[in-house]
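J.: Quick one: this structure, given as structure tokens, is what I'll be asking you about.
Here's what the structure looks like:
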């Protein structure tokens, strides 16, 4: 079966520290992968999407970056976190035009 | 451009029906979706409807689509306390690579 794994579930980081969030999928090959952010009480903002290894499209300018080193691995990174990077980060993938989400990472930057 | 709008909040009593509404602006939508998000969790795909359909029913859920008015609704029959969550509508557009645009979410509170 097809599943998506995202970790960690929660993360507390100081301002200026680096970030690495990882997402992996199982049960399929060459999926479209996405990173979304949800600020508290707000809707979803698409950050990055990838249609294949090494192919990353950025939807918003920011101090975050994404990489796809393997077909089923999608990583969200930052060299120096800002307070405004706090939020709920969701990895997602598409199957047959339907978008499925991971369980999310709650990031608090203090 | 695309824009998806939802009301922020809905409160109903247990056992009543809930109707969550959504409006969108792009007429080239291919699919429209409803997602449910419980506290601290990811979004769960509840149901979806293809843009050439008017209605889709799935157990307690009924989706109605009015393409002329660009209006989508989700009706939950016999609402239960476990239905309390944030509900997001979303649209995908073929000419945008099937990317989804989400509404801001409607928080449904079910009172016992």
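Chains as they are written, first to last, in my numbering: chain G, 4 to 113; chain C, 577 to 688.
All C-beta atoms, glycine included, are put in the ideal place defined by N, C-alpha and C.
(1) Start and end of the beta strand (DSSP E) containing residue 72 (chain G)?
(2) Under the assumption that residue 648 (chain C) contacts residue 608 (chain C) (Cβ atoms under 8 Å), give the Cβ distance between them as a whole number of angstroms.
(3) Listing by chain order, which chain C residues have their CB less than 7 Å from the CB of residue 101 (chain G)?
(4) So is residue 51 (chain G) in contact with chain C if we call contact Cβ pairs under 8 Å?
(5) If the cut is a Cβ gap below 9 Å, which residues of chain C does residue 105 (chain G) touch?
(6) Rounding to the nearest angstrom, what Cα-Cα distance links residue 640 (chain C) and residue 676 (chain C) in this structure?
(7) Looking at residue 24 (chain G) and residue 71 (chain G), is the spacing between their C-beta atoms short of 8 Å?
(8) Pull up the CB-CB distance for residue 112 (chain G) and residue 89 (chain G), whole angstroms please, since I reckon it's below 8 Å.
(9) Got a sec: which bits of the stretch 32 to 62 of chain G sit with their beta carbon under 8 Å from any beta carbon on chain C, in order along the chain?
(10) Look at the alpha carbon of residue 577 (chain C) and the alpha carbon of residue 605 (chain C), and state the distance between them as a whole number of angstroms.
(11) In this structure, what does DSSP give as the bridge partners for residue 9 (chain G)?
(12) Using the Cα positions of residue 12 (chain G) and residue 26 (chain G), report the straight-line distance between them to the nearest angstrom.
T.: According to the structure shown:
(1) 67 to 73
(2) 5 Å
(3) 621, 624
(4) no
(5) 618
(6) 19 Å
(7) no
(8) 5 Å
(9) Taking 8 Å as the upper bound on Cβ-Cβ separation, chain C lies near residues 45, 46, 47, 49, 52 of the stretch 32 to 62 of chain G.
(10) Bear in mind that a pLDDT of 48 at residue 577 (chain C), under 50, signals an unreliable position, so the number given afterwards is only what the model happens to contain. Straight-line Cα distance between these residues: approximately 12 Å.
(11) G:26
(12) 11 Å
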